[in-house]
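Note sheet for the following structure.
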Amino acid sequence: MVAPAVQEEEGRLVRVAPVDVVELQALRVEIVRRRPEHLGLFGHACGVARPSRFAEGRAPVAGSPAMAGALDGVRVLELGIWVAVPSAAAVLADWGARVVKIEPPEGDPLRGLAATGLVPYQPDVNPAFQLDNRGKRSVTLDLRRPEGREVAHALVRRSDVFLTNLRRQKLAPLGMDYATLRRVHPRLVYAGLTGYGTEGPERERAAFDYAAFWARAGIMGSLGEPEGPPPTQRPGMGDHMTGLGLAGAIAAALFARERSGVGQEIGMSLFGSGIWMLASDIQAAITTGYCHTPGGRRAAPNPLFNFYRTSDGRWLHLVMLQPDRHWRTFCRAVGREDLVDDPRFASAPVRFQHCRELIAILDPLFATRPLAEWAEVLDGADCYWGKVQTVEEVSHDAQAEAIGAFADTALPDGRPLRIVKSPVAFGATPSAVAGPAPELGQHTEEVLLEAGFGWEDIARLKDAGALG
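All residue numbers for the sequence shown refer to the working numbering, where the first residue is 375 and numbers rise by one.
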């Protein structure tokens with residue numbers, strides 16, 4: 375098996391020659407094996423005696439074509455907590471980038487989610503942390519100490535991308551703000567994710583996606599039943615959408631740098647991402663003055679764009695945005711051809727006026743058969759619809775399997791781990807989950823050695839408290 379060797383030349387990664395990956399990994403293990411044992415500061419948790427899958431490029435999986443990811447050779451340094459930025463870095467890792475995650479000595483707070491009482495389980499495997507930190511290496515640094523910042527800046531010099539969701543008022547004292555890192559590495563792509571943006575009176579406001587994305591951006595207030603409480607989101611919905619957008623922005627900035635040679639700062643906010651998510655309604659309000667308010671399913675203006683309950687207690691959602699096109703076919707399929715020429719339902723505008731009456735007819739109709747039978751009826755008529763699935767059903771959905779929504783990897787102890795993949799499919803440069811999430815500080819020694827620090831340097835940094 376061979377993978378391309380690269381070297382840095384004027385700040386760019388240049389392919390120079392093929393190198394046998396097995397030989398390279400063996401060499402890495404031999405170097406680590408000969409390290410002074412008394413300087414092994416982190417023990418087994420660092421995993422430095424294991425072959426690294428982050429050698430120059432990735433070793434192709436046995437039995438598969440030797441195809442690199444779209445971002446193969448790109449080095450990413452993450453200073454992120456919770457979900458939004460870590461999920462963006464996980465996407466970049468799926469796309470082939472080599473991601474190093476800087477964590478404080480106490481770790482990313484997402485590691486301790488189960489201990490907060492916010493989740494109804496006490497797992498020995500943290501699903502949230504595995505999801506958003508798979509395929510990364512973890513380095514622990516105390517950035518409050520000058521020695522910790524020394525290491526961080528050394529890692530920045532070796533990186534193409536830096537991304538963070540720490541607030542700006544916290545970044546400057548840590549020496550990790552854009553003005554500082556631009557001096558350290560002028561070609562750096564610096565991606566900052568905030569709650570409410572970098573301008574305006576609320577630029578330093580603390581945020582989670584529940585507040586900035588879901589509530590503040592209008593999504594929460596646009597859903598639900600009239601007079602009822604607004605619905606809440608599920609964990610990470612805004613974070614994952616925003617993280618995927620940030621990953622795309624980073625890729626665009628890297629492309630721009632290849633053309634111009636210039637790095638740049640890019641920014642994204644949970645609030646702005648939520649506005650984009652609800653852009654159709656917000657644009658209507660800006661352009662026409664019409665502001666959507668929750669009307670409830672019994673007053674849906676297009677009854678063929680509504681959800682109905684079946685006899686087995688399941689729900690299905692009709693999504694026929696061109697109701698006149700589908701009206702006759704739909705009526706015949708559901709056994710109500712008499713409705714086709716009913717003057718109350720002769721056209722979409724007239725059906726709008728009589729929507730409550732039509733929904734009152736369709737509700738008991740859909741309640742006469744189970745979901746499986748309605749699926750055959752609607753599919754047979756090529757109607758546009760979808761079944762409302764549970765999370766458990768999605769996790770075993772055959773179509774989800776077919777589109778590669780899940781990847782299989784293994785935990786360090788060998789137990790299998792199935793994980794949700796990022797949703798982009800590349801034809802020539804396939805994405806892949808590189809491995810499980812790291813243990814806290816698992817790769818500190820390994821990464822520092824690669825960055826040019828010696829064992830004496832590592833001992834000095836440990837004594838200074840820079841490594842936690």
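Every residue, glycine too, gets a C-beta built ideally from N, C-alpha and C.
Practice task
Could you tell me whether the Cβ atoms of M615 and M642 are closer together than 8 Å?
Solution key: In the sequence shown, counting from the first residue as 1, residue 615 sits at position 241. In the sequence shown, counting from the first residue as 1, residue 642 sits at position 268. For M615 and M642, no; Cβs fall outside 8 Å.
Problem - Proximal residues to C729 (C-beta, below 7 Å), its chain only, five neighbours per side dropped - result: For the purposes of this step, residue 729 is taken as residue 355 along the sequence shown, with counting starting at 1. Same-chain partners within the cutoff: A673, A674, P675 and P677.
Handout entry: Opening and closing residue of the alpha helix (DSSP H) in which F587 lies
Key = As a working mapping, residue 587 is identified with position 213 in the sequence shown. Premise fails: F587 is in no alpha helix (DSSP H) and is neither H nor E.
Exercise for the section: Count the other C-beta atoms from every protein chain shown that fall within 10 angstroms of the C-beta of F719, then say buried if there are 16 or more, exposed otherwise. Expected result: Here residue 719 corresponds to residue number 345 of the sequence shown, with the count starting at 1. The residue is buried, with at least 16 neighbouring Cβ atoms inside 10 Å.
Handout entry: Rounded distance between the beta-carbons of S796 and D468, thought under 8 Å
Key = As a working mapping, residue 468 is identified with position 94 in the sequence shown. As a working mapping, residue 796 is identified with position 422 in the sequence shown. Correct: roughly 5 Å between the Cβ atoms.
Exercise for the section: Would you kindly work out how many angstroms separate the C-alpha atoms of G754 and L814, rounded to a whole number? Expected result: Position 380 of the sequence shown, counting from 1, holds the residue named residue 754. Position 440 of the sequence shown, counting from 1, holds the residue named residue 814. Taking the straight line from one Cα to the other gives about 53 Å.
Handout entry: 6 Å Cβ shell around G321 - same chain, five flanking residues per side excluded
Key = This structure gives no information on residue 321, because the portion of the chain shown stretches from 375 to 842.
Handout entry: Under 8 Å between C-beta atoms of V513 and I476
Key = Against the sequence shown, residue 513 aligns to sequence position 139. Against the sequence shown, residue 476 aligns to sequence position 102. Taking 8 Å as the Cβ cut-off, V513 and I476 qualify as a contacting pair.
Problem - D613 versus Q607: straight-line alpha-carbon distance, rounded - result: On the sequence shown, position 239 is the one that residue 613 refers to. On the sequence shown, position 233 is the one that residue 607 refers to. Near 11 Å, if we compare the C-alpha coordinates of Q607 and D613.
Exercise for the section: Assuming R688 and V794 form a contact by the criterion Cβ under 8 Å, report the distance between their Cβ atoms to the nearest whole angstrom. Expected result: Position 314 of the sequence shown holds residue 688. Position 420 of the sequence shown holds residue 794. Actually they do not touch by this definition, with Cβ atoms about 24 Å apart.
Practice task
Spatial neighbours of L823 within its chain, please: CB distance less than 6 Å, with the 5 preceding and 5 following residues excluded, ordered by chain position.
Solution key: Counting from one through the sequence shown, the residue named residue 823 turns up at place 449. Within the same chain, L823 has no close Cβ partners at all.
Exercise for the section: Evaluate G470 with the Cβ neighbour count: other Cβ atoms within 10 Å of its Cβ, from every protein chain shown; 16 or more gives buried, anything less gives exposed. Expected result: The residue given as residue 470 occupies position 96 in the sequence shown. Buried.
Problem - Spatially closest choice to M611 from T742, A734, A502 and R449, by CA coordinates - result: Taking the first residue of the sequence shown as 1, we reach residue 611 at position 237. Closest by alpha carbon: A502.
Exercise for the section: Just the C-alpha distance for D551 and Y495, rounded to the nearest angstrom, thanks. Expected result: Here residue 551 refers to the residue found at position 177 of the sequence shown. Here residue 495 refers to the residue found at position 121 of the sequence shown. Approximately 37 Å between the Cα atoms of the pair.
Problem - Own chain, CB closer than 7 Å to R555, minus 5 neighbours either side, in chain order - result: Counting from 1 along the sequence shown, the entry for residue 555 is found at position 181. Sequence inspection shows Leu at residue 555; the Arg mentioned does not correspond to that position. For L555, where only same-chain residues beyond five positions count, the Cβ hits under 7 Å are V530, F536, L562 and Y564.
Handout entry: Close-in-space but distant-in-sequence residues of the same chain around R631 (CB under 7 Å, 5 per side omitted)
Key = Numbered from 1 along the sequence shown, position 257 holds the residue referred to as residue 631. Taken in chain order, the residues that qualify are R561, V563 and G637.
Problem - Test item: CB-CB of D506 and P547 under 8 Å - result: Translated into positions along the sequence shown, residue 506 becomes position 132. Translated into positions along the sequence shown, residue 547 becomes position 173. Cβ atoms of D506 and P547: not closer than 8 Å.
Problem - When G595, L791 and F629 are compared against F780, the one with the closest alpha-carbon - result: To locate residue 780, count along the sequence shown from 1; it is residue 406. Among G595, L791 and F629, the Cα nearest to that of F780 is on L791.
Exercise for the section: Could you check what DSSP says for Q638 in three-state terms: helix, strand or coil? Expected result: Along the sequence shown, one-based indexing puts residue 638 at 264. Q638 falls in the strand class under three-state DSSP.
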